[in-house]
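Written out below as structure tokens is the structure these notes cover.
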Amino acid sequence: MSTESIFNQSALSNWVELCNEHGRLQSSGAAQELLAILRVQIILGMTDLLPNMSNDERNALALLLLVPDTPTQDVDSTDPVHNDETVSVIDVNDEVDNIEED
């Protein structure tokens, strides 16, 4: 099976060009912000190339691939989402089960 039957050749060419542009900019010492933007475009372009995946699956994969590239944020200790008082997923599921049983 040829790559033409699997991939949209125009989209594939655009994706390869993005990858090459990222390499050129990186080797010339481009700003990290610009390189990060290109990495996002590369990941989105790559997931768009994958055959037999729904848009939801492509979006989920892109998100999974983008997460390691996302800078960490300072945690606010007063934020209930990030402190020890956070309800665990198991507790929430138990509560949902209890509601459904009533």
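With UniProt numbering, the residue at position 70 of the sequence shown is 70, and numbering never jumps.
The beta carbon of each residue, even a glycine, is placed where N, CA and C say it ideally should be.
Predicted, not measured: the structure shown is a model, and the values here were computed from it.
Test item: CB-CB of residue i and residue j under 8 angstroms
| i | j | result |
| --- | --- | --- |
| LEU49 | LEU25 | no |
| ALA62 | LEU35 | no |
Residue i - containing alpha helix (DSSP H), residue span
| i | result |
| --- | --- |
| ASN8 | Neither: ASN8 is in no alpha helix (DSSP H) and is coded neither H nor E. |
| GLY45 | 32 to 49 |
| ASN55 | 55 to 66 |
CB-CB length for residue i against residue j, believed under 8 angstroms
| i | j | result |
| --- | --- | --- |
| TRP15 | MET53 | Between MET53 and TRP15 the Cβ distance is about 15 angstroms, and since that is not below 8 angstroms, they are no contact. |
| ILE37 | LEU18 | So it is not a contact: roughly 11 angstroms between Cβ atoms. |
| VAL40 | LEU66 | 6 angstroms |
| PRO51 | ILE6 | 6 angstroms |
Residue i classed as buried or exposed, judged by whether at least 16 other C-beta atoms fall within 10 angstroms
| i | result |
| --- | --- |
| GLU85 | At GLU85 the pLDDT is 48, less than 50, meaning the model places this residue with poor confidence and gives no usable figure here. |
| GLU95 | Bear in mind that the predicted position of GLU95 carries a pLDDT of just 49, short of 50, making it too unreliable to give a figure here. |
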